[in-house]
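Engineer: Take a look at the following structure, please.
Number of protein chains: 2
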Amino acid sequence: MENLLATISTALPNLNKSEKKVAAVILDDPEAATQSSIATLALKASVSEPSVNRFCKRFGASGFPDFKLQLAKALVSGVRYVSSAVSLDDTTDEFTQKIFNNSIHALSQVRDNISAALVTRVVDQLVQARRIYFFGLGTSAAVAADAEYKFFRFNTPVSSHHDPLMQRMLASSGGVGDLFFCISHTGRTKSLVETAQLARENGATVVGMTAPGSPLAKACQWSIELNVKENTDEYLPMASRIVHLVVLDALATGVTLRKGEEFLPHLARIKDSLKSTRFNQE
Amino acid sequence: MENLLATISTALPNLNKSEKKVAAVILDDPEAATQSSIATLALKASVSEPSVNRFCKRFGASGFPDFKLQLAKALVSGVRYVSSAVSLDDTTDEFTQKIFNNSIHALSQVRDNISAALVTRVVDQLVQARRIYFFGLGTSAAVAADAEYKFFRFNTPVSSHHDPLMQRMLASSGGVGDLFFCISHTGRTKSLVETAQLARENGATVVGMTAPGSPLAKACQWSIELNVKENTDEYLPMASRIVHLVVLDALATGVTLRKGEEFLPHLARIKDSLKSTRFNQE
DNA sequence: CCTAAAATGTAACTTTGCTACATGAATTCA
DNA sequence: TGAATTCATGTAGCAAAGTTACATTTTAGG
Chain V
284 MENLLATIST
294 ALPNLNKSEK
304 KVAAVILDDP
314 EAATQSSIAT
324 LALKASVSEP
334 SVNRFCKRFG
344 ASGFPDFKLQ
354 LAKALVSGVR
364 YVSSAVSLDD
374 TTDEFTQKIF
384 NNSIHALSQV
394 RDNISAALVT
404 RVVDQLVQAR
414 RIYFFGLGTS
424 AAVAADAEYK
434 FFRFNTPVSS
444 HHDPLMQRML
454 ASSGGVGDLF
464 FCISHTGRTK
474 SLVETAQLAR
484 ENGATVVGMT
494 APGSPLAKAC
504 QWSIELNVKE
514 NTDEYLPMAS
524 RIVHLVVLDA
534 LATGVTLRKG
544 EEFLPHLARI
554 KDSLKSTRFN
564 QE
Chain C
284 MENLLATIST
294 ALPNLNKSEK
304 KVAAVILDDP
314 EAATQSSIAT
324 LALKASVSEP
334 SVNRFCKRFG
344 ASGFPDFKLQ
354 LAKALVSGVR
364 YVSSAVSLDD
374 TTDEFTQKIF
384 NNSIHALSQV
394 RDNISAALVT
404 RVVDQLVQAR
414 RIYFFGLGTS
424 AAVAADAEYK
434 FFRFNTPVSS
444 HHDPLMQRML
454 ASSGGVGDLF
464 FCISHTGRTK
474 SLVETAQLAR
484 ENGATVVGMT
494 APGSPLAKAC
504 QWSIELNVKE
514 NTDEYLPMAS
524 RIVHLVVLDA
534 LATGVTLRKG
544 EEFLPHLARI
554 KDSLKSTRFN
564 QE
């Protein structure tokens with residue numbers, strides 16, 4: 284279910300004359316619309332009340348009050364995401380808000396679409412693996428490094444690599460029981476795709492986190508396919524990296540929970556080991 | 284303005300008998316409440332309609348419909364964040380949602396509280412710097428590495444370091460024109476605090492991204508102080524790392540915008556340079 | 001136990017939104 | 001081109017929802 288305001292904007296050209304008027308008034312000031320009565324809104328749009336009512340029903344509401352409710356919801360989750368592309372004449376506050384909104388929006392999208400069943404299955408693989416390798420290049424190298432950091436706390440040997448040659452060597456020497464976790468936003472990085480294929484030919488488990496339908500996704504046994512829209516061409520892929528990190532958080536959490544309660548003291552011990560490196564809390 | 288549901292929960296003990304009944308019904312199923320009429324709700328709570336009305340006004344609404352509107356909004360932004368701590372008996376779907384919500388929530392908090400003025404000032408420093416170092420340890424090392432990746436695209440020399448000795452050496456050899464960007468969630472890592480002090484004594488610019496009022500924050504000239512609540516003791520600091528990354532995104536964007544339009548082709552060129560490493564888009 | 005204030009309910013009234021129907025515009029086909 | 005049909009829009013009345021003023025009940029203090 285997309286954002287109501289966006290839906291209205293999209294449908295705008297296909298609307299009747301009076302419906303267009305209503306849409307215009309609502310899009311102009313949605314906040315005000317949520318607080319108007321149907322009579323007020325009809326007056327503002329110079330249409331009759333039933334026209335407004337019909338408009339509401341057209342967009343899936345049961346009536347005007349229900350429509351206002353949906354609109355209010357859309358305003359909270361949605362209005363901030365409108366026109367999120369950073370432009371050169373943005374003020375600091377504007378672009379900062381946009382950057383945050385992009386990430387928040389991307390996370391919401393993935394949260395609402397990620398398959399729990401797939402997460403469970405990948406967690407299964409991670410738990411069963413004898414050894415885990417995280418592979419990524421470019422920005423995804425940092426994600427892979429982060430994953431290593433997260434997973435080393437379990438007893439399974441884990442490492443991350445961002446050197447294509449190293450990746451290839453490891454993939455060719457791997458086999459059953461090894462898990463190769465390949466991270467790529469585009470899923471089109473040649474060397475990584477080839478590495479994934481290589482690992483799979485050797486009988487290793489290959490998991491990908493990448494774009495839907497991409498060559499990398501096809502090369503993997505399990506692939507977490509994320510459709511993150513980057514609305515910035517000039518700058519770096521930012522949203523996808525954040526999403527990757529959070530998905531890995533979810534996977535690490537899944538593994539932790541699978542290991543069960545008796546594993547928690549182990550984690551606490553690791554945490555305690557850092558104490559002496561810190562200033563005390565006052 | 285806090286979340287309406289939280290406000291009601293908090294006020295619960297101070298309410299009248301009938302108001303308590305109303306509150307109970309609403310808290311029990313807020314979603315249903317947004318769709319009920321005042322009569323239905325009054326019936327469910329076994330109170331009279333005006334009691335419900337009074338309840339609404341008590342919580343700042345102009346009347347029942349307005350209250351429903353606010354409730355609907357609160358549901359979007361709020362209800363998902365309730366009880367976000369992962370527990371051992373969570374299903375995959377539950378903990379996945381929670382993990383995402385934690386990050387989303389943390390980002391929203393920071394988005395609403397970050398000072399644009401401070402961002403501007405830090406961007407100023409980054410633009411002016413002759414050389415930039417990103418320092419982090421542990422999880423923050425990955426953040427620092429990511430920052431290096433983002434900032435190397437500008438013409439300023441930049442590097443990231445996660446070795447405390449290396450950090451110390453660089454800090455002691457740095458001076459005016461060098462910018463040391465220190466990242467630490469807790470702000471209590473001894474070696475990093477000392478490194479920051481050292482760099483500052485030598486006349487370098489020292490920027491921190493850390494917890495408010497922490498030793499590191501005090502040691503830095505400029506500090507981006509982020510109060511991210513980690514609601515997980517056993518697992519890793521996740522939310523803060525995500526927030527750090529997004530703040531760095533914002534800073535990098537700020538630098539890009541400051542460099543202005545003539546800088547965009549440069550970024551495009553970097554992007555193009557990756558083309559040959561990829562499979563073509565079909 | 002009585003009084004005053006607070007809390008709650010009752011009933012009348014106002015506003016709101018909806019439905020059925022009528023009118024007007026537009027489109028199609030002879 | 002003009003009649004017929006369909007679609008779009010408005011009018012009016014009605015039903016429901018919400019609000020206000022007031023009455024009754026409950027509670028607390030003396």
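The listed protein sequences correspond, in order, to chains V and C.
Quick note: to get the numbering used here, add 283 to the position in the first sequence (first position is 1).
Quick note: to get the numbering used here, add 283 to the position in the second sequence (first position is 1).
For glycine and all other residues, C-beta sits at the position ideal for the given N, C-alpha and C.
Remember, it's a predicted structure, so these values are computed and weren't measured experimentally.
#1: With burial defined as no fewer than 16 other Cβ atoms inside 10 Å of the residue's Cβ, what is the status of V:SER366: buried or exposed?
#2: Quick check on V:THR478 - is its C-beta less than 7 Å from some C-beta in chain C?
#3: Can you give me the Cβ contacts of V:ALA316 inside the same chain, cut-off strictly under 8 Å, excluding the 5 residues immediately before and after it?
#4: Would you call C:ASP516 buried or exposed, if buried means 16 or more other Cβ atoms sit within 10 Å of its Cβ?
#5: Whose CA, out of C:VAL359, C:ASN510 and C:VAL406, lies closest to the CA of C:LEU540?
#6: I'd like to know whether the C-beta atoms of V:LEU462 and V:ILE415 end up nearer to each other than 7 Å.
#7: When you compare the region 384 to 403 of chain V with the region 499 to 511 of chain V, are there three or more beta-carbon pairs, one atom per stretch, that lie closer than 8 Å?
#8: Using the beta-carbon of each residue, which ones in chain V are nearer than 8 Å to C:ARG394?
#9: Could you name the residues of the same chain whose beta carbon sits closer than 6 Å to that of V:VAL362, not counting the 5 residues immediately before and after it, in chain order?
#10: Excluding the 5 residues flanking V:VAL511 on each side, which residues of the same chain have their C-beta closer than 6 Å to its C-beta?
#11: If you measure between the beta carbons of V:ALA424 and V:LEU531, is that distance less than 7 Å?
#12: Assuming V:PHE437 and V:VAL538 are in contact, meaning their beta carbons sit under 8 Å apart, how far apart are those beta carbons, in whole angstroms?
#13: Measure the beta-carbon distance from V:VAL476 to V:PRO495 and round it to whole angstroms, keeping in mind my assumption that it falls under 8 Å.
#14: Using 10 angstroms around the beta-carbon of C:THR488, count the other beta-carbons present and answer buried if the total reaches 16, otherwise exposed.
#15: Going along the chain, which residues of its own chain have a beta-carbon closer than 6 Å to the beta-carbon of C:VAL459, five neighbours each way excluded?
#16: Determine, using beta carbons only, whether V:ALA357 and V:ASN297 come nearer to each other than 7 Å.
#17: Going by beta-carbon coordinates alone, are C:PHE338 and C:GLU302 separated by less than 7 Å?
#18: Kindly say whether V:ALA502, judged by its beta-carbon, lies nearer than 7 Å to any beta-carbon of chain C.
#19: Which residues of chain V have a Cβ atom closer than 9 Å to the Cβ of C:VAL369, listed in chain order?
#20: Spatial neighbours of V:HIS444 within its chain, please: CB distance less than 8 Å, with the 5 preceding and 5 following residues excluded, ordered by chain position.
#21: Determine the DSSP secondary structure at V:SER506, reduced to helix, strand or coil.
#22: Identify the residues that DSSP records as bridge partners of C:MET492: which are they?
#23: With DSSP as the reference, label V:SER391 as helix, strand or coil.
#24: So which residues on chain C does V:MET521 lean against when the C-beta distance must stay under 9 Å?
#25: Have a look at V:PHE347 and C:VAL410 and give me their C-alpha separation to the nearest angstrom.
Structural biologist: Quick look at the numbers:
#1: With a pLDDT of 47 at V:SER366, under the threshold of 50, the modelled position of that residue is not reliable, and the figure given next carries that caveat. Label assigned to V:SER366: exposed.
#2: no
#3: VAL308, ILE309, LEU324, LYS351 and LEU354
#4: Low confidence applies to C:ASP516: its pLDDT is 47, below 50, so where it sits in the model is not reliable, and the reading given next is rough at best. Classification of C:ASP516: exposed, given that the 10 Å Cβ count is below 16.
#5: C:VAL406
#6: yes
#7: yes
#8: In chain order: THR379, GLN380, PHE383, ASN384 and ILE387.
#9: Note that V:VAL362 scores 45 on pLDDT, short of 50, meaning its location in the model is unreliable; the coordinates nonetheless yield the value given after this. So the list is empty, once near-sequence residues are dropped.
#10: Answer for V:VAL511: ALA389, ALA522, SER523 and VAL526, listed in chain order.
#11: no
#12: 6 Å
#13: Contact annotation, V:VAL476 with V:PRO495: C-beta distance approximately 15 Å; criterion of less than 8 Å not satisfied.
#14: buried
#15: GLY486
#16: no
#17: yes
#18: Taking Cβ atoms only, chain C never reaches closer than 7 Å to V:ALA502, which makes this a no.
#19: THR536, THR539 and LEU540
#20: Taken in chain order, the residues that qualify are TYR416, PHE417, PHE418, ALA427, GLN450 and LEU453.
#21: strand
#22: DSSP lists C:ILE466 and C:ILE507 as partners of C:MET492.
#23: helix
#24: LYS433, LEU528, VAL529, ASP532, ALA535 and THR536
#25: 52 Å
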